[in-house]
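Participant: To convert, take the position in the sequence shown, counting from 1, and add 7; that gives the numbering used here. We put the CB at the ideal spot given by N, CA and C, even for glycine. The model shown is predicted, which means the values in this text are computed figures rather than measured ones.
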Amino acid sequence: TNRETRELCWAALLHDIGKIGVEDQILYKPGPLTDHEWEIIRTHPDVGAQMIRGLSGMERISNLILCHHERMDGSGYPRGLSGDEIPLGARIIAVVDSYSAMTEGRNYKKAKSHDDAITELKWLSGKQYDADVVRMFISLFDGQV
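Next comes the structure, spelled out in structure tokens:
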């Protein structure tokens, strides 16, 4: 529906807003993070969801923000949700955000080519990412959707 599409767009734009509470020295650290730093990073979905939840009419958007680092196999965070327990919008954000992170690179990791990023999405399809969402995302590049 139009409402769900609007909510997904807002959630996609705001999904990392919780990183506002993470120190720059962690966000922009050039090397690997320590276990303690990862603990801090992993709070950002909860923090972001709490920030948005307080806004009228944003409850479903806050849930997508909360769940965007959950994984299909249950190994994600913050709740360890799996499969259909993860809202579809959050599963979509996970694929798009990961592709973006892979192809843009990070200060601690070199950017991948489009083909390498697609290969990684396919490899993690069904484990980390929703297989149907990955297929649909890849088909966008083939002009089939």
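1) State the Cα-Cα distance for the pair D31 and E77, rounded to the nearest angstrom.
2) Using CA coordinates, which residue listed in T110, M79 and W17 is at the minimum distance from L131?
3) Going by CA-CA distance only, name the one from A97, L147 and G96 that's closest to H121.
4) For S132, write down the residues that DSSP places opposite it in a beta bridge.
5) Can the beta-carbon of L71 be found less than 8 Å from the beta-carbon of D53?
6) What's the C-alpha gap between Q151 and D139?
7) I need the DSSP call for K7, collapsed to helix, strand or coil.
8) Would M143 pass as a contact of E127 if the rule is Cβ separation under 8 Å?
9) At what residues does the alpha helix (DSSP H) containing I48 begin and finish?
10) Give the straight-line distance between the Cα atoms of D23 and G64, rounded to the nearest whole angstrom.
11) Would you tell me roughly how many angstroms separate the C-alpha atoms of Q28 and H51, rounded to the nearest one?
Facilitator: On the basis of the supplied data:
1) By one-based count along the sequence shown, residue 31 stands at place 24. By one-based count along the sequence shown, residue 77 stands at place 70. Distance between the alpha carbons of D31 and E77: 24 Å.
2) Taking the first residue of the sequence shown as position 1, residue 131 is located at position 124. Looking at the Cα atoms, M79 is the closest of the given residues.
3) On the sequence shown, residue 121 is found 114 positions in, with the first residue counted as 1. Out of A97, L147 and G96, L147 has the C-alpha closest to the C-alpha of H121.
4) Position 125 of the sequence shown, counting from 1, holds the residue named residue 132. Beta-bridge pairing links S132 to Y136.
5) Residue numbering aside, residue 71 sits at position 64 when the sequence shown is read from its first letter. Residue numbering aside, residue 53 sits at position 46 when the sequence shown is read from its first letter. No, these two residues do not count as a Cβ contact at 8 Å.
6) Along the sequence shown, read from residue 1 onward, the residue named residue 151 stands at position 144. Along the sequence shown, read from residue 1 onward, the residue named residue 139 stands at position 132. Here the model assigns Q151 a pLDDT of 48, short of 50, so the residue's position is not dependable and the matter cannot be decided.
7) Since the first residue shown for the chain is 8 and the last is 152, residue 7 is missing from the structure and cannot be characterised.
8) The sequence position of residue 143 within the sequence shown is 136, counting from 1. The sequence position of residue 127 within the sequence shown is 120, counting from 1. In this structure, E127 does not lie closer than 8 Å to M143 by Cβ.
9) Translated into positions along the sequence shown, residue 48 becomes position 41. In the DSSP assignment, I48 falls within the unbroken alpha helix (DSSP H) covering D42 to I48.
10) Your numbering for residue 23 matches position 16 in the sequence shown. Your numbering for residue 64 matches position 57 in the sequence shown. Cα to Cα, the separation comes out at about 19 Å.
11) Counted from its first residue, the sequence shown places residue 28 at position 21. Counted from its first residue, the sequence shown places residue 51 at position 44. Rather than Gln, the amino acid found at residue 28 in this sequence is Gly. Going from the Cα of G28 to the Cα of H51 covers about 7 Å.
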